[in-house]
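Numbering (the working numbering), first residue to last: 732 to 941.
Following this line, the structure appears as structure tokens:
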């Protein structure tokens with residue numbers, strides 16, 4: 732169940748929003764000022780926030796809350812309802828998902844909120860995917876390049892011994908294993924090279940024994 736915080740100083744409006752969101756299947760909490768909003772936002776995890784930009788007294792205003800969310804809780808969906816158009820431009824700059832001007836029919840708010848939550852989740856997944864791709868490139872590309880270099884070196888080296896195919900086999904194995912990352916390639920190269928020479932030494936000893 733999605734958890735939503737309503738930040739609205741007009742109590743009738745706030746309670747109506749809570750009722751509509753709850754009927755839509757969302758776990759909804761309500762606060763009436765900026766200080767109470769910050770207290771809950773720091774303590775709890777929310778999927779979305781319905782926010783009035785103009786809040787009472789000296790408490791933090793809506794755009795201040797949006798600034799904090801954009802820096803500290805970027806995955807929280809934001810639906811703004813306001814009667815003050817001069818505050819709207821800054822809200823849009825801060826990346827609000829939906830901006831509605833009062834009067835607003837609260838029955839439509841849950842649909843806007845659900846759409847905003849889904850959009851935020853999609854953005855978060857795309858961000859994780861980009862990080863994974865970048866990590867894969869930085870991790871595997873050096874290993875692949877090193878593997879190719881090792882393959883080329885061993886192939887050239889073994890090409891002087893056409894009757895000995897083990898060098899090509901070793902080079903192929905190293906090239907494949909090198910794709911798992913550059914940090915492991917060096918260890919693999921030494922281990923396989925050591926085993927190769929041990930096999931060759933054993934073969935020579937066997938030949939002499941015969």
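For each residue, glycine too, the CB sits at the ideal point set by N, CA and C. All values reported here derive from a predicted model rather than from experimental measurement.
query	result
Label residue 739 either buried or exposed according to how many other C-beta atoms from any shown protein chain fall within 10 Å of its C-beta, with 16 as the threshold for buried.	buried
Would residue 807 and residue 751 be called neighbours here (beta carbons separated by less than 9 Å)?	no
For the 8 Å Cβ check, are there 3 or more pairs between the stretch 816-825 and the stretch 768-777?	no
Looking at residue 811 and residue 819, is the spacing between their C-beta atoms short of 9 Å?	yes
First and last residue of the alpha helix (DSSP H) that includes residue 747?	742-754
Less than 7 Å between C-beta atoms, sequence neighbours within five positions excluded: which residues of the same chain meet that for residue 749?	737, 759 and 761
What's the C-alpha gap between residue 746 and residue 803?	27 Å
Have a look at the DSSP bridge pairing and note the partners of residue 808.	779
Just how far apart, CA to CA, sit residue 830 and residue 862?	30 Å
Which residues in the same chain as residue 794 place their Cβ atom closer than 8 Å to its Cβ, once the five residues preceding and following it in sequence are excluded?	784, 818, 821, 822 and 825
On the CB-based measure, 16 or more other CB atoms within 10 Å of its CB, does residue 778 come out buried or exposed?	buried
Can you name the start and end residues of the alpha helix (DSSP H) that residue 795 belongs to?	793-803
Take residue 788 as the anchor and find which of 766, 781 and 796 has the nearest alpha-carbon.	766
Can you give the Cα-Cα distance for residue 848 and residue 791, rounded to whole angstroms?	24 Å
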